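Everything below concerns the one structure shown next.
Numbering (the numbering used here), first residue to last: 183 to 579.
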């Protein structure tokens with residue numbers, strides 16, 4: 183009985199010790215109310231805030247290169263459940279170091295900046311024309327508190343305006359993430375580029391696209407794409423929405439969106455809804471000559487037809503509309519190809535990557551000046567569209 187009693191005491195002591203260890207597991211935790219939960223960040227060219235102008239002599243030495251605006255989710259608005267109150271506040275600081283700017287917020291706010299839930303970083307076009315993405319994002323890539331899954335956007339205009347909303351109860355940073363989720367409903371939204379993906383793109387030295395966003399009086403829209411040059415990591419220019427559609431068709435792997443065109447005979451509107459796009463870029467090497475064939479296949483449905491002839495099921499009618507859609511797609515891809523080859527002279531559609539995979543020896547010879555080489559290579563497009571479905575109303579006629 184004595185041995186049993188000793189064992190019992192031992193197990194009880196062990197149990198209490200384990201319980202004490204678990205109780206100390208949250209010793210370093212902080213209450214949500216004590217944190218400034220950062221949802222979005224906007225980076226613009228430097229402009230002093232009112233308090234910075236007043237404190238010009240007493241502040242720390244700096245150059246006013248960058249204004250960083252942090253969107254903080256308001257815990258007070260959430261706890262009160264007040265739909266009339268803004269659910270966020272935006273705070274701005276100017277300086278020449280991202281890390282120093284973040285620390286400067288500690289002089290104005292009692293709560294600590296907390297960024298693990300950061301949704302997106304928006305950078306103004308004027309800033310990324312002046313400084314490279316490597317310079318602007320270096321601190322965020324090093325910071326283990328910032329999630330590498332946050333999305334990067336370029337703003338044509340002030341980035342901080344993108345983090346404003348005139349809709350009550352809306353958090354602009356969350357809205358941007360929501361818009362990005364609509365990419366399977368349109369060919370005018372790029373797949374999101376996260377910090378992690380961006381780091382890989384910058385290291386590759388290849389040129390690439392980032393989603394452009396514009397804001398007018400609190401209304402936000404994804405509008406085309408920003409062209410980033412691989413060598414400099416700076417903004418070259420923009421593709422409009424139609425040109426971005428052309429790039430999406432070249433790249434394929436999309437299962438949503440529409441194509442608007444007009445019937446050849448009646449000149450009336452028809453809309454083709456995309457169910458799938460498959461694309462294959464085929465490089466050819468003949469001595470020192472490089473060329474590409476691009477095979478694009480798409481299946482979809484006739485979702486809107488203003489002709490109303492009652493011939494929707496007739497093979498001749500469907501073939502005519504397929505040709506009209508193919509012609510429109512061909513226009514989209516040829517137009518954007520001309521722009522990226524002749525105006526920007528950059529490969530942002532993955533042609534070089536396919537050359538690297540299929541002809542690695544040739545790629546080694548041309549990769550240093552690939553953008554320049556790409557501007558002169560012939561590209562042929564072969565497009566095949568199949569209308570599989572005509573919509574419910576056509577089935578009734």
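Using N, Cα and C, we set each Cβ at its ideal position, and we do this for glycine too.
This structure is a prediction, so every number in the text was calculated from the model and none was measured.
Can the beta-carbon of residue i be found closer than 9 Å to that of residue j?
{"i": "residue 476", "j": "residue 432", "result": "yes"}
{"i": "residue 514", "j": "residue 455", "result": "no"}
{"i": "residue 220", "j": "residue 295", "result": "yes"}
{"i": "residue 310", "j": "residue 336", "result": "yes"}
{"i": "residue 339", "j": "residue 397", "result": "yes"}
{"i": "residue 478", "j": "residue 391", "result": "no"}
{"i": "residue 534", "j": "residue 558", "result": "no"}
{"i": "residue 330", "j": "residue 377", "result": "yes"}
{"i": "residue 245", "j": "residue 277", "result": "yes"}
{"i": "residue 481", "j": "residue 368", "result": "no"}
{"i": "residue 445", "j": "residue 503", "result": "yes"}
{"i": "residue 387", "j": "residue 419", "result": "no"}
{"i": "residue 297", "j": "residue 341", "result": "no"}
{"i": "residue 389", "j": "residue 528", "result": "yes"}
{"i": "residue 415", "j": "residue 384", "result": "yes"}
{"i": "residue 227", "j": "residue 201", "result": "no"}
{"i": "residue 428", "j": "residue 516", "result": "yes"}
Determine which residues share a DSSP beta bridge with residue i and list them.
{"i": "residue 440", "result": "455"}
{"i": "residue 566", "result": "479"}
{"i": "residue 464", "result": "475"}
{"i": "residue 561", "result": "474"}
{"i": "residue 223", "result": "252, 303"}
{"i": "residue 419", "result": "409"}
{"i": "residue 218", "result": "295"}
{"i": "residue 486", "result": "453"}
{"i": "residue 571", "result": "483"}
Rounded to a whole number of angstroms, what is the C-alpha to C-alpha distance between residue i and residue j?
{"i": "residue 269", "j": "residue 354", "result": "10 Å"}
{"i": "residue 532", "j": "residue 381", "result": "17 Å"}
{"i": "residue 524", "j": "residue 556", "result": "10 Å"}
{"i": "residue 191", "j": "residue 252", "result": "55 Å"}
{"i": "residue 408", "j": "residue 199", "result": "58 Å"}
{"i": "residue 365", "j": "residue 197", "result": "53 Å"}
{"i": "residue 399", "j": "residue 303", "result": "20 Å"}
{"i": "residue 319", "j": "residue 461", "result": "33 Å"}
{"i": "residue 285", "j": "residue 293", "result": "12 Å"}
{"i": "residue 474", "j": "residue 512", "result": "15 Å"}
{"i": "residue 443", "j": "residue 486", "result": "11 Å"}
{"i": "residue 447", "j": "residue 312", "result": "51 Å"}
{"i": "residue 560", "j": "residue 328", "result": "43 Å"}
{"i": "residue 430", "j": "residue 537", "result": "19 Å"}
{"i": "residue 572", "j": "residue 459", "result": "18 Å"}
{"i": "residue 344", "j": "residue 351", "result": "16 Å"}
{"i": "residue 317", "j": "residue 438", "result": "36 Å"}
{"i": "residue 322", "j": "residue 372", "result": "22 Å"}
{"i": "residue 410", "j": "residue 450", "result": "39 Å"}
{"i": "residue 358", "j": "residue 543", "result": "42 Å"}
{"i": "residue 507", "j": "residue 254", "result": "46 Å"}
{"i": "residue 521", "j": "residue 421", "result": "9 Å"}
{"i": "residue 299", "j": "residue 290", "result": "22 Å"}
{"i": "residue 189", "j": "residue 283", "result": "59 Å"}
{"i": "residue 370", "j": "residue 349", "result": "24 Å"}
{"i": "residue 491", "j": "residue 509", "result": "22 Å"}
{"i": "residue 405", "j": "residue 464", "result": "30 Å"}
{"i": "residue 267", "j": "residue 195", "result": "52 Å"}
{"i": "residue 547", "j": "residue 526", "result": "22 Å"}
{"i": "residue 224", "j": "residue 423", "result": "23 Å"}
If you follow the beta strand (DSSP E) that residue i is in, where does it begin and where does it stop?
{"i": "residue 277", "result": "270-277"}
{"i": "residue 401", "result": "401-410"}
{"i": "residue 507", "result": "Here residue 507 belongs to no beta strand (DSSP E); instead the alpha helix (DSSP H) covers 497-520."}
{"i": "residue 251", "result": "248-255"}
{"i": "residue 396", "result": "390-398"}
Along the alpha helix (DSSP H) that carries residue i, what are the first and last residues, could you check?
{"i": "residue 369", "result": "No alpha helix (DSSP H) contains residue 369, which DSSP labels as neither H nor E."}
{"i": "residue 430", "result": "423-433"}
{"i": "residue 360", "result": "354-362"}
{"i": "residue 537", "result": "533-540"}
{"i": "residue 379", "result": "377-386"}
{"i": "residue 529", "result": "Taken as a continuous stretch (DSSP letters only), residue 529 belongs to no alpha helix (DSSP H), as it is neither H nor E."}
{"i": "residue 285", "result": "280-286"}
{"i": "residue 554", "result": "552-556"}
Item checked: Those runs of the beta strand (DSSP E) which lie wholly inside the region 290-342 and span at least 3 residues -> 294-296, 302-306, 333-337
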